[in-house]
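This report refers to the structure that appears directly beneath it.
Residue numbers (the numbering used here): 957 to 1264.
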């Protein structure tokens, strides 16, 4: 799956730089910036996950190596572990575990406070989009009411003209001849005026409402996805640290090699599954962000075509 932002920021800058032709210009700029930051956070999280996989591989290899050495030592009649693997091997492995204990190897530590900042910025943007959406809906309802009222007035005025023409026809033969022509001219003139008015006033409110709804929906989904990623990353950090602690504790204790290996395998299988799920969710978030951005951009392009 692609990890490229679509549409990219340079393209958006070229399209939206002329705010006079883009409705809701400021809000849409904020939306695209927020989605860009969310995409970048997902990309950094994917890099951090790849580093975690490397750390996990080092941890597993060190533990399996020492476990195999311990098992061979248990088979030794003398039970002298020092004859099976040297102190240097033990120190190297302990050094590996201590290195992995560095807080910088935590996923959330490497990402920093981006998740919290993104949650706050997306929440604020969502409120703005919802407010603009509700405002646009109110304007759209008012527009429809005015349109219905105008149609009613048009029918009343046409009926009044028709009555006047009929009265004129009753009093004058000229009226009888002229009435049909005047009536047709009246309706044609009103129709031309209506068509001309509709042509000059495209459905900007409908377009604006559609833009706000798509942007708000995308912001809401992205915010929830980021919260989910944050929880998954935190849980994976805890599990990896626990696995590291289990291995280090065993190397410093006299527990059975078979016992610790069994516990380690169970823990390791759970971590591998969590890393797989986290990676899948990151790619899903990439797809969701790009899809939402493309939908909003399509609405902008359609709005610009109408305005042009």
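Just so you know, even glycine gets a beta-carbon here, dropped at the ideal spot from N, CA and C.
Since we're looking at a predicted model, the values are computed, not measured.
Beta carbon of residue i nearer than 8 Å to that of residue j
i            : j            : result
residue 1012 : residue 1196 : yes
residue 1235 : residue 1191 : no
residue 991  : residue 1245 : yes
residue 1085 : residue 1238 : no
residue 1096 : residue 1162 : yes
residue 1177 : residue 1252 : no
residue 1223 : residue 1198 : yes
residue 995  : residue 1242 : yes
residue 1175 : residue 1081 : yes
residue 1255 : residue 1166 : yes
Limits of the unbroken alpha helix (DSSP H) element including residue i
i           : result
residue 961 : Careful: residue 961 lies outside any alpha helix (DSSP H) and carries neither H nor E.
Distance between beta carbons of residue j and residue i, contact taken as under 8 Å
i            : j            : result
residue 1063 : residue 1008 : 6 Å
residue 1004 : residue 1066 : 5 Å
residue 962  : residue 1249 : 7 Å
residue 1179 : residue 1113 : Not quite, the Cβ-Cβ distance comes to about 52 Å (not below 8 Å), so this is no contact.
Chain D contact for residue i (CB, 8 Å cutoff)
i            : result
residue 1085 : Absent from the structure is chain D; it holds one protein chain and no more.
Residues near residue i in its chain [Cβ-Cβ closer than 6 Å; skip 5 each side]
i            : result
residue 1070 : 997
residue 1110 : none
residue 1189 : 1063, 1064
Beta-carbon contacts of residue i that lie in its chain and below 8 Å, excluding the five residues immediately before and after
i            : result
residue 1038 : Because the pLDDT of residue 1038 is 42, which lies under 50, any placement of that residue in the model is unreliable, and the number read from its coordinates should be weighed accordingly. If we look at residue 1038 and ignore the five residues flanking it on each side, it has no Cβ neighbours.
residue 1221 : none
residue 1099 : 1161
residue 1226 : 1195
residue 965  : 988, 992
Cutoff 7 Å; reference residue i; Cβ partners in own chain excluding five residues on either side
i            : result
residue 993  : 1074
residue 1152 : Caution is warranted here: a pLDDT of 45 is assigned to residue 1152, below 50, making its placement in the model unreliable, and the coordinate value is therefore given only provisionally. Nothing meets the Cβ criterion.
residue 1172 : 1082, 1085, 1086, 1089
residue 999  : 959
residue 952  : Any question about residue 952 goes unanswered here, given that the chain covers just 957 to 1264.
residue 1107 : none
residue 1181 : 1241, 1244
residue 968  : 988
Residue i CB to nearest heavy atom of the ligand GDP below 7 Å
i           : result
residue 982 : The model on display carries no ligand, and the ligand GDP is accordingly not part of it.
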